[in-house]
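Structure, as structure tokens:
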Amino acid sequence: MKRYAWLVALLLPTLAPARTLGDLSFTPCTLAPEGVLTSVAAHCATLEVPEDRSVPEGRRIALSIAWVAPEAGEAQPDPVFLLAGGPGQSARESYPSVAPAFKDIVRYRNVILLDQRGTGESNRLACDSDTDDMLDDSPEAITRHARDCLEALSTHADVRHYTTTDAVADLDAVRRAIGAATINLIGISYGTRVAQQYMKAHPATVRSVVLDGVVPNTLVLGQEHAKNLDAALATQFRHCAMLASCSEAMGDLQATFRQLATELREAPRKVRYRDATTGKMMEGDFSYAMLAALLRLYAYHPATAATLPVLLHELAQGETDAAMAQAMMLLSSMGDSMAHGMGLSVSCSEDADELRPDPEDAGRVLGSEFITSLKAQCNVWPRGQRPDDMREPVRGDIPVLLLSGLFDPVTPPRYGDEVAETLSKARHLILHGQGHNVIGVGCTPKLVAQFIESTDPAGLDAACLERLSTLQPFTGHHGWEP
0 MKRYAWLVAL LLPTLAPART LGDLSFTPCT LAPEGVLTSV AAHCATLEVP EDRSVPEGRR
60 IALSIAWVAP EAGEAQPDPV FLLAGGPGQS ARESYPSVAP AFKDIVRYRN VILLDQRGTG
120 ESNRLACDSD TDDMLDDSPE AITRHARDCL EALSTHADVR HYTTTDAVAD LDAVRRAIGA
180 ATINLIGISY GTRVAQQYMK AHPATVRSVV LDGVVPNTLV LGQEHAKNLD AALATQFRHC
240 AMLASCSEAM GDLQATFRQL ATELREAPRK VRYRDATTGK MMEGDFSYAM LAALLRLYAY
300 HPATAATLPV LLHELAQGET DAAMAQAMML LSSMGDSMAH GMGLSVSCSE DADELRPDPE
360 DAGRVLGSEF ITSLKAQCNV WPRGQRPDDM REPVRGDIPV LLLSGLFDPV TPPRYGDEVA
420 ETLSKARHLI LHGQGHNVIG VGCTPKLVAQ FIESTDPAGL DAACLERLST LQPFTGHHGW
480 EP
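Heads up, the sequence shown is in numbering that gives the first Met the number 0, so the first residue is 0 and it goes up one at a time.
The following block contains the structure:
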């Protein structure tokens, strides 16, 4: 029967009846985002809200909502909301990839997936671009692309009203519409900012919060991207240096990177490669920007971070076709999964004016390009309002469980420590050997479900996390040496 599970999942929307939750009527749907091998049966609805709440009679936008209910039995009255990352990711599109981590949660509670305004099917603010556009980092190209994107989006959106503050108001509107007196929040990466801002605005309605890959309110998001990536890469390189099998086969990875950086900054390599999605032979330029993008994206997860020695070693040997194919595939998938316009609305309104170039970034993998690029785009992007207290830490006695990967290249554990300091019922779990977004790792799903059930972070027995270990660095495509 298992071989037909996919067919059952596709047929469920046509077989299952419509259902109501509070004031909203939901119809059967299937969450099956492109590029994800799994699908989830759900019920979907929309809720119309004003785009600009100061002008309630003005343009309205439809918020897209999915509801995943317990398969058997009655759900507890307090649902769980997943707040996706980015900024720019869709909760509905993200959920199938993390659904296994919600297996125990959805046994007893409804899971609500609200596409934050500007993402997914909630008046998505996507900028049409191809991979070549993404790799052209000249100030003229960056500014032109932002201006073209703004012109296209302005036909159906006022981009000033797609900020975290707007998302918090939408979240509470959905809470009221489904009739939930209290809710549980699970924020991932940028979603942790949304969760904390909601906690400040509506503390009485929050029963519990899980923050995975924590972004402190005090952080100017993007200011430390280069610094954090270098720290994560240095840890990976040291791990290789400490193992004879890796250091002997791969050599000095720091020196290898510096050599490649010097070469590629002077001139990109002409490469003939096979496109990973179409299978066609293509030609292109492998640039330093591609190398930096690969290093950053590989560092997010232990399985890919372990292959960094092989990536750098092969590039040093002149083997570039595989790296080129991988870079093009990853950059293309990022463009598809992120609503870049929504990301600009958040970043330009909330962070760009406080970003300051760090002189030390010049010697780091990402350099200062992220900051200069964002500022160039925000020079032409209209900005919404940032609350005066946005940078204030969230305080209080709401039960909070914080999760961090020890090797996270974007939201390192010190961020979680900072947020936990001002919360009287918080506990921070740091997962050894892990990267960004750890809710699905090891026994973490069990711990999260137990926490939501008990709202007692101190009472969790997290000894099971001690079984996690650092993945050995690869010394070839076969893996690591025995």
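Yeah, the Cβ is synthetic: ideal placement off N, Cα and C, and Gly gets one too.
Exercise. Which residues in the same chain as threonine 306 place their Cβ atom closer than 6 Å to its Cβ, once the five residues preceding and following it in sequence are excluded?
Worked result: In the sequence shown, the residue the question calls residue 306 occupies position 307. Excluding positions up to five away in sequence, the list reads Phe473.
Problem set entry | Reduced DSSP category for methionine 280 - H, G, I as helix; E, B as strand; rest coil | Counting from 1 along the sequence shown, the entry for residue 280 is found at position 281. The answer is strand: DSSP assigns methionine 280 an E or B state.
Exercise. Just curious, the alpha helix (DSSP H) that asparagine 227 is in, first and last residue?
Worked result: By one-based count along the sequence shown, residue 227 stands at place 228. Segment 224-241, the alpha helix (DSSP H) holding asparagine 227.
Exercise. Which two residues bound the contiguous alpha helix (DSSP H) that contains histidine 339?
Worked result: Within the sequence shown, the letter at position 340 stands for residue 339. Note, histidine 339: alpha helix (DSSP H), 339-349.
For this session: Within the stretch 64-130, note down every full alpha helix (DSSP H) run reaching 4 residues or more, in order along the chain.
Result: Counting whole runs of 4 or more residues, the stretch 64-130 contains the alpha helix (DSSP H) stretches 90-97.
Exercise. Taking just the CA atoms, how far does phenylalanine 450 sit from phenylalanine 80?
Worked result: In the sequence shown, the residue the question calls residue 80 occupies position 81. In the sequence shown, the residue the question calls residue 450 occupies position 451. Rounded to whole angstroms, phenylalanine 80 to phenylalanine 450 spans 15 Å at the Cα level.
Exercise. So the alpha helix (DSSP H) lysine 199 belongs to, where does it begin and stop?
Worked result: Mapped onto the sequence shown, residue 199 falls at position 200. It spans 189-200 - the alpha helix (DSSP H) in which lysine 199 sits, taken as one unbroken run.
Exercise. Using the C-alpha atoms, what's the distance from serine 24 back to aspartate 171?
Worked result: Your numbering for residue 171 matches position 172 in the sequence shown. Your numbering for residue 24 matches position 25 in the sequence shown. Distance between the alpha carbons of aspartate 171 and serine 24: 18 Å.
Problem set entry | serine 220 and leucine 294 closer than 8 Å at C-beta | For the purposes of this step, residue 220 is taken as the residue at position 221 of the sequence shown. For the purposes of this step, residue 294 is taken as the residue at position 295 of the sequence shown. At residue 220 the sequence reads leucine, which differs from the serine that was named. No. Outside cutoff.
Exercise. So the alpha helix (DSSP H) cysteine 463 belongs to, where does it begin and stop?
Worked result: For the purposes of this step, residue 463 is identified with residue 464 of the sequence shown, where counting begins at 1. According to the DSSP assignment, cysteine 463 belongs to no alpha helix (DSSP H), since it is labelled neither H nor E.
For this session: Verify whether the separation of the beta carbon atoms of serine 121 and alanine 61 is less than 8 Å.
Result: One-based indexing of the sequence shown puts residue 121 at position 122. One-based indexing of the sequence shown puts residue 61 at position 62. Remark: C-beta atoms of serine 121 and alanine 61 approach each other more closely than 8 Å.
Exercise. Opposite histidine 427 in the DSSP bridges: which residues?
Worked result: Residue numbering aside, residue 427 sits at position 428 when the sequence shown is read from its first letter. Histidine 427 is bridged to Leu401.
For this session: Using only alpha-carbon positions, find the residue among Leu46, Cys43, Ala248 and Tyr414 that is nearest to histidine 224.
Result: Along the sequence shown, one-based indexing puts residue 224 at 225. For the residues Leu46, Cys43, Ala248 and Tyr414, the minimum Cα distance to histidine 224 belongs to Tyr414.
For this session: Determine the extent of the beta strand (DSSP E) in which glutamate 47 is found, giving its start and end residues.
Result: Position 48 of the sequence shown, counting from 1, holds the residue named residue 47. Looking at the DSSP string, the run of the beta strand (DSSP E) that includes glutamate 47 is 39-49.
For this session: Could you pull out every residue in the same chain whose Cβ sits closer than 6 Å to the Cβ of arginine 18, ignoring the five residues on either side in sequence?
Result: For this step, residue 18 is matched to residue 19 along the sequence shown. Counting only Cβ-Cβ distances below 6 Å, and skipping sequence neighbours, we find Phe25 and His42.
Exercise. Should histidine 476 be labelled buried (16 or more other beta-carbon atoms within 10 Å of its own) or exposed?
Worked result: In the sequence shown, counting from the first residue as 1, residue 476 sits at position 477. The residue in question, histidine 476, is exposed, as its Cβ has fewer than 16 Cβ neighbours within 10 Å.
For this session: Indicate whether alanine 324 and aspartate 274 have their beta-carbon atoms separated by less than 8 Å.
Result: Locating residue 324 in the sequence shown gives position 325, where the first residue counts as 1. Locating residue 274 in the sequence shown gives position 275, where the first residue counts as 1. Yes, Cβ-Cβ distance for alanine 324 and aspartate 274 is below 8 Å.
For this session: Check each candidate in Glu359, Ser336 and Arg382 and name the one with the smallest Cα separation from aspartate 484.
Result: Because the chain spans 0 through 481 in this model, residue 484 falls outside it and cannot be assessed.
For this session: Kindly give me the distance between the Cβ atoms of glycine 87 and glycine 342, rounded to whole angstroms, as I take these residues to be in contact under 8 Å.
Result: The sequence position of residue 87 within the sequence shown is 88, counting from 1. The sequence position of residue 342 within the sequence shown is 343, counting from 1. Indeed they touch by this definition, with Cβ atoms about 4 Å apart.
Problem set entry | Coarse secondary structure for phenylalanine 256, derived from DSSP in three states | If you number the sequence shown from 1, residue 256 lands on position 257. Helix at phenylalanine 256.
Exercise. When the Cα atoms are used, what is the spatial distance from histidine 300 to glycine 434?
Worked result: Within the sequence shown, residue 300 is the residue found at index 301, counting from 1. Within the sequence shown, residue 434 is the residue found at index 435, counting from 1. Cα to Cα, histidine 300 sits roughly 5 Å from glycine 434.
Problem set entry | Given 8 Å, three or more beta-carbon pairs between the stretch 358-365 and the stretch 158-176 | no
Problem set entry | Inter-residue spacing [alpha-carbon to alpha-carbon] between alanine 260 and alanine 200 | Within the sequence shown, the letter at position 261 stands for residue 260. Within the sequence shown, the letter at position 201 stands for residue 200. Taking C-alpha positions only, alanine 260 is separated from alanine 200 by approximately 46 Å.
Problem set entry | Neighbour flag for valine 364 against chain D, beta carbons, 8 Å | Going by chain labels, chain D is absent from the structure shown, which holds only one protein chain.
Exercise. Does DSSP put alanine 266 in a helix, a strand or coil?
Worked result: One-based indexing of the sequence shown puts residue 266 at position 267. Correct three-state label for alanine 266: coil.
Problem set entry | Own chain, CB closer than 6 Å to serine 206, minus 5 neighbours either side, in chain order | Position 207 of the sequence shown, counted from the start, is the residue given in the question as residue 206. A small correction: the amino acid at residue 206 is arginine; serine does not occupy that position in the sequence shown. Taken in chain order, the residues that qualify are Asp77, Thr181 and Asn183.
For this session: Return helix, strand or coil for leucine 184, following the three-state DSSP convention.
Result: Along the sequence shown, one-based indexing puts residue 184 at 185. Strand, per DSSP.
Exercise. So, helix, strand or coil for tyrosine 161, using DSSP?
Worked result: The residue labelled residue 161 in the question sits at position 162 within the sequence shown. Coil, per DSSP.
Exercise. Going straight from the alpha carbon of tryptophan 380 to that of leucine 365, what length do you get?
Worked result: Looking up residue 380 in the sequence shown gives position 381. Looking up residue 365 in the sequence shown gives position 366. A direct Cα-to-Cα measurement between tryptophan 380 and leucine 365 gives close to 23 Å.
Exercise. In terms of residues, what are the limits of the alpha helix (DSSP H) holding phenylalanine 406?
Worked result: Numbered from 1 along the sequence shown, position 407 holds the residue referred to as residue 406. Taken as a continuous stretch (DSSP letters only), phenylalanine 406 belongs to no alpha helix (DSSP H), as it is neither H nor E.
Exercise. How close, in whole Å, do the beta carbons of proline 95 and proline 32 come, if the pair is a contact with beta carbons under 8 Å?
Worked result: For the purposes of this step, residue 95 is taken as residue 96 along the sequence shown, with counting starting at 1. For the purposes of this step, residue 32 is taken as residue 33 along the sequence shown, with counting starting at 1. Right, their Cβ atoms sit about 6 Å apart.
Exercise. When you compare only the Cα positions, how much space is there between arginine 108 and tryptophan 66?
Worked result: For this step, residue 108 is matched to residue 109 along the sequence shown. For this step, residue 66 is matched to residue 67 along the sequence shown. So the two alpha carbons sit approximately 10 Å from each other.
Exercise. What are the start and end residues of the alpha helix (DSSP H) that includes cysteine 442?
Worked result: Within the sequence shown, residue 442 is the residue found at index 443, counting from 1. That residue, cysteine 442, is in no alpha helix (DSSP H); it is neither H nor E in DSSP.
For this session: Can you tell me which of Gly119, Ala292 and Leu430 puts its alpha carbon nearest to the alpha carbon of leucine 402?
Result: Mapped onto the sequence shown, residue 402 falls at position 403. Ranking the options by Cα distance to leucine 402, first place goes to Leu430.
Exercise. Quick one, which of Ala90, Ser63 and Pro138 has its alpha-carbon nearest isoleucine 370's?
Worked result: Within the sequence shown, the letter at position 371 stands for residue 370. Among Ala90, Ser63 and Pro138, the Cα nearest to that of isoleucine 370 belongs to Pro138.
For this session: Label glutamate 92 either buried or exposed according to how many other C-beta atoms from any shown protein chain fall within 10 Å of its C-beta, with 16 as the threshold for buried.
Result: As a working mapping, residue 92 is identified with position 93 in the sequence shown. The residue is buried, with at least 16 neighbouring Cβ atoms inside 10 Å.
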